[in-house]
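In what follows, a single structure is set out as structure tokens and then discussed.
Residue numbers (the numbering used here): 86 to 277.
Right under this line is the structure:
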């Protein structure tokens, strides 16, 4: 091949590589918002190593549910991030007190779904059904998953909603899906 052809083809080859790089960046962005596969860890160890889920880890430890997160059964954890717990303010701090343990356990059970569900499989179920998909938590509360644009939203029975917030983590005994709100049970009216 003549040298003039080689020098003419070099910029063309370089131009063809740029779109490939752009596609690669889009793919890595999708992976950041999708599910990271870390099948070497349990739910408990993955939770302990995630810096954005420290408040949830403390709540799990205070509730004595850590064994569930290390056990062989498969669960999907709708995991409120630290900002979600901070938004609770004093109510969040109160939940960590010893006398509030039964309430804390009930709240955490409402964030657990049986099985290994990723955001991708939940999204596919929404698409197949053509609308919201309802599931029952371990606390026997129904939650609905729906789309809001490109985001997946989970709603509890009382109308509290949370968006999926970041990459999910697939472990050897389940999936952790970060969410941006703590799903609280309906408030009981104490007035007589």
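Ideal placement from N, C-alpha and C gives every residue a C-beta, glycine not left out. As the structure is a prediction and not an experimental result, all values here were calculated from the model.
In its chain, beyond the 5 residues on either side, 266, 268 and 269 have a beta carbon closer than 7 Å to the beta carbon of residue 245.
Selection 140, 180 and 163 evaluated against residue 241 yields 163 as nearest (Cα-Cα). At least 8 Å separates the beta-carbon of residue 147 from that of residue 167.
Taking a C-beta distance under 8 Å as the contact criterion, residue 234 and residue 161 do not qualify as a contact pair. DSSP links residue 223 through a beta bridge to no other residue. Looking only at 141, 119, 157 and 145, the smallest Cα-Cα distance to residue 126 is reached by 157. With a 10 Å radius around the Cβ and a threshold of 16 neighbouring Cβ atoms, residue 251 comes out buried.
Taking every protein chain shown into account, the CB of residue 219 has fewer than 16 other CB atoms within 10 angstroms, so this residue is exposed.
Fewer than three pairs of CB atoms, one per stretch, sit closer than 8 Å, so the region 172 to 180 makes no contact with the region 199 to 210.
Contiguous beta strand (DSSP E) elements confined to the region 180 to 210 occur at 197 to 199, taking only those with 3 or more residues.
Excluding residues up to 5 positions away in sequence, 154, 160, 162, 256, 258, 259 and 261 lie with their Cβ nearer than 7 Å to the Cβ of residue 128 in the same chain.
Sorting 124, 134 and 181 by C-alpha distance to the C-alpha of residue 149 places 181 at the top.
One Cα belongs to residue 237, the other to residue 185, and the distance between them is close to 31 Å. As computed with DSSP, residue 161 is found in a beta bridge with 198 and 260.
If you draw a 10 Å sphere on the C-beta of residue 131, you find 16 or more other C-beta atoms in it, and that means buried. Judged by DSSP in its simplified three-state form, residue 133 adopts helix. When C-alpha distances from residue 222 are compared across 133, 239 and 211, the shortest belongs to 239. The DSSP-derived three-state label of residue 153 is helix. Here the C-alpha atom of residue 243 lies approximately 29 Å from the C-alpha atom of residue 135.
Linking residue 192 to residue 210 through their CA atoms gives a straight-line distance of about 25 Å.
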